[in-house]
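**Q** Once you've had a glance at the structure underneath, I'll fire off some questions.
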Amino acid sequence: MCGIIGIYNHPRAADLAVLGLFAEQHRGQESCGIAVNNSKIIKLRKKIGLVKDVFPEDKISALHGKIAIGHVRYPTRGISAVENSQPHIVETLSGPSYALASNGDILNYKQIRAELEQNGVYFASFNDGELLLKFIVFHVEKNGLSIPEAIKLLMKNVKGAYSTVLSTKTKMYLFRDPLAIRPMCYGKTKDGSYAVASESCALDILYMEWIKEVQAAQIIEIDEDKVSVFSTKETQKNIFTKHCIFEHIYFSRPDSFIFGENVFHVRKKIGKILAQNDDFDPDIVVPVPDSANFIALGYAREKNLPYEMGLIRNHYVGRTFIKPEQTIRDESVYQKFNPLPHFFQDKKVALIDDSIVRGTTLRKIVKLVRHAGAKEIHLRIGSPPVKHSCYYGIDTPTRQELIANEKDSNTICKYLKADSLKYLTIKQLQQAVQDPQNYCYACFNGEYPIK
Ligand code: AMP
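Take any residue in the sequence shown, note its place counting from 1, add 27, and you have its number in our numbering.
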């Protein structure tokens, strides 16, 4: 998973890009980068590390220019290395220069790369963002297409998820795959600057006058103060999309507006539906913070039960799941959560989490909560069992590592050492969003919308 940002026509474009990336840090903590176009050259800074470390003030002030695009990365394709991080840039001898950042994953990466390589295109990484950029630049520079034409061709040939921003020395382009799998929105400030981001929370801090979502298969060109929208055939045919439902469950920030809805609102609804389908009445409701906070709130409100913040999260540990090795992941669960025995003593607890992937996190949390004095621990999960890997940009582990792939709910409950375990069904999850047919549920049901 990754996050993108783009700033257009602002004297301090890099400062704003850093602010936006900082708001999207949850979408990727491995590496980050910013490319600034100052009408003569592109300056690029990308490194392994968090936004605050890679972009201290002196480094930002060295990035002059009115167009900046940026990226936070969480590796899906290509190993953890700076060359696989984004943005990618291309500078041509004739003058044009391009920078691109994308969130998603490309399914026919190998085939498209081989075709380009046969035509003499050189690749410096194994990253899908570089593939998108090289595809566009090849068709513009060698085949004489305009940039929107090259993007249209890309949409016909490249299969997968891509919410992308591309900058040249004077313009910025935004485009999103025909199924609009990952979120993407853009906005305008009062003083005529534009910004694009994966999530609206990154635009909120930039004082946008308005914010809109980029539509499926839409190509938007921003040139000075002119915004041109190119609708592709795919847009016209497109009667439904396949947004990633997991963005609502876990990935996006609760204060973002994605796929036409507030994330916090969907999460509260998930909690409400969980409660409506649960006859058990616990003494207290406790979320696994932060991702399950709103789910637990919806659950507690519906059942009229006390909502307690019984687990305190250390915010400096980061997302435990993201750490690459199992040994590190095991330790960081303890570093991350501390239970407050005051709330748990002799209580029947409904412990709410957003999802179970490998089961590592919850098994440890159940142990912590039991140790803190809970009499009974009843796990309520705001999503169906995760049984299939994601190929569209979320780094779910292989099927073998997914605990629900082989084990049924009772066996998982025993493994987690809980007193009961209840997941949401896919049907119940669908009641939590406005247009359920517009979502991808492949990680739950294996029905992949792109093969
Ligand atoms: P585990 O069951 O130990 O593999 O971890 C599951 C927890 O990690 C969930 O409760 C989520 O909060 C979080 N999580 C779920 N999916 C992802 C993902 N793709 N990347 C990072 N964290 C995730």
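C-beta: ideal position from N, C-alpha, C; glycine also.
Classify M267 as buried or exposed, calling it buried when 16 or more other Cβ atoms lie within 10 Å of its own Cβ.
**A** With the sequence shown as reference, residue 267 is identified as Phe, and Met is not the correct amino acid for it. With fewer than 16 other Cβ atoms from the protein chains shown falling within 10 Å of its own Cβ, F267 counts as exposed.
**Q** Quick check: the Cα distance between R54 and V78, rounded to an integer number of angstroms?
**A** R54 and V78 have their alpha carbons spaced roughly 12 Å apart.
**Q** According to DSSP, I31 sits in a beta bridge with which residue or residues?
**A** H98
**Q** Per the DSSP calculation, R426 is bridged to which residue(s)?
**A** DSSP, once it has assigned bridges, lists no residue as partnering R426.
**Q** Going by other Cβ atoms of all chains shown within 10 Å of its Cβ, with 16 needed for buried, is L120 buried or exposed?
**A** Counting other Cβ atoms within 10 Å of its Cβ, L120 stays below 16 and is therefore classed as exposed.
**Q** Distance check for G122 and G473, CA to CA, integer angstroms please.
**A** 47 Å
**Q** What's the gap between the Cα of K217 and the Cα of F370?
**A** 48 Å
**Q** Using C-beta distances below 7 Å, list every residue in its chain close to L90, excluding the 5 sequence neighbours before and after it, in chain order.
**A** Apart from the 5 residues on each side of it in sequence, L90 sits with its Cβ closer than 7 Å to the Cβ of A41, I61, V63, K70 and R72 in its chain, given in chain order.
**Q** Looking only at its own chain, which residues have a Cβ that is under 6 Å from the Cβ of A327, when we skip the five neighbours before and after it?
**A** V312 and Y334
**Q** Can you tell me whether N111 is helix, strand or coil according to DSSP?
**A** helix
**Q** Tell me M199's beta-bridge partners as DSSP assigns them.
**A** Beta-bridge pairing links M199 to S194 and I249.
**Q** Beta carbon of R385: closer than 8 Å to some heavy atom of the ligand AMP?
**A** yes
**Q** Does DSSP put P314 in a helix, a strand or coil?
**A** Residue state, collapsed to three classes: strand.
**Q** For the beta strand (DSSP E) containing F307, name the first residue and the last one.
**A** Neither: F307 is in no beta strand (DSSP E) and is coded neither H nor E.
**Q** Between which two residues does the alpha helix (DSSP H) harbouring S124 extend?
**A** Segment S124 to I133 is the beta strand (DSSP E) holding S124; no alpha helix (DSSP H) there.
**Q** Tell me, please, which residues DSSP counts as bridged to Y361.
**A** Bridge partners of Y361: none, in fact.
**Q** Would the beta-carbon of Y466 fall within 9 Å of that of Q457?
**A** yes
**Q** Tell me whether I379, by its Cβ, gets closer than 8 Å to a heavy atom of the ligand AMP.
**A** Taking the Cβ of I379 as the reference point, every heavy atom of the ligand AMP lies at 8 Å or farther away.
**Q** Spatial neighbours of K137 within its chain, please: C-beta separation below 8 Å, excluding the five flanking residues on both sides.
**A** none
**Q** Rounded C-beta distance between C228 and D282? I'm assuming under 8 Å.
**A** 5 Å
**Q** Does the structure place the region 199-209 close enough to the region 243-259 that three or more beta carbon pairs sit under 8 Å?
**A** yes
**Q** According to the neighbour-count rule (16 or more other Cβ atoms, all chains shown, within 10 Å of its Cβ), is P83 buried or exposed?
**A** exposed
**Q** From this set, S225, V185 and I139, which residue's C-alpha is nearest L201's C-alpha?
**A** Nearest option by C-alpha distance: S225.
**Q** Please confirm whether N130 and I94 have their CB atoms less than 9 Å apart.
**A** no
**Q** To which residues of the same chain is R397 closer than 8 Å at the C-beta, ignoring the five residues directly before and after it?
**A** I404 and K444
**Q** Can you tell me which of the three DSSP states Y419 falls into?
**A** coil
**Q** So the candidates are D435, S88, Y468 and V81; which of them puts its Cα closest to the Cα of S112?
**A** V81
**Q** Spell out the partners DSSP gives F284 in its beta bridges.
**A** N289
**Q** With C-beta atoms as the reference, is I421 less than 9 Å away from L448?
**A** no
**Q** Report buried or exposed for G147, applying the criterion of at least 16 other Cβ atoms within 10 angstroms of its Cβ.
**A** The residue is exposed, with fewer than 16 neighbouring Cβ atoms inside 10 Å.
**Q** Looking only at DSSP bridge pairs, what is L180 linked to?
**A** None; L180 has no bridge partner.
**Q** When you compare each of H342, G156, I178 and D155 to H166 by their alpha carbons, which one comes out closest?
**A** Nearest option by C-alpha distance: I178.
**Q** Would you say G47 and I232 are within 9 Å of each other, going by their C-beta atoms?
**A** yes
**Q** Tell me which same chain residues have a C-beta within less than 6 Å of the C-beta of K299, skipping the five on either side of it?
**A** G325 and E329
**Q** Give a yes or no on whether the C-beta atoms belonging to I133 and L172 are separated by under 9 Å.
**A** In this structure, I133 keeps its C-beta atom at 9 Å or more from the C-beta atom of L172.
**Q** Within 8 Å: the Cβ of V109 and any heavy atom of the ligand AMP?
**A** No, the ligand AMP has no heavy atom inside 8 Å of this Cβ.
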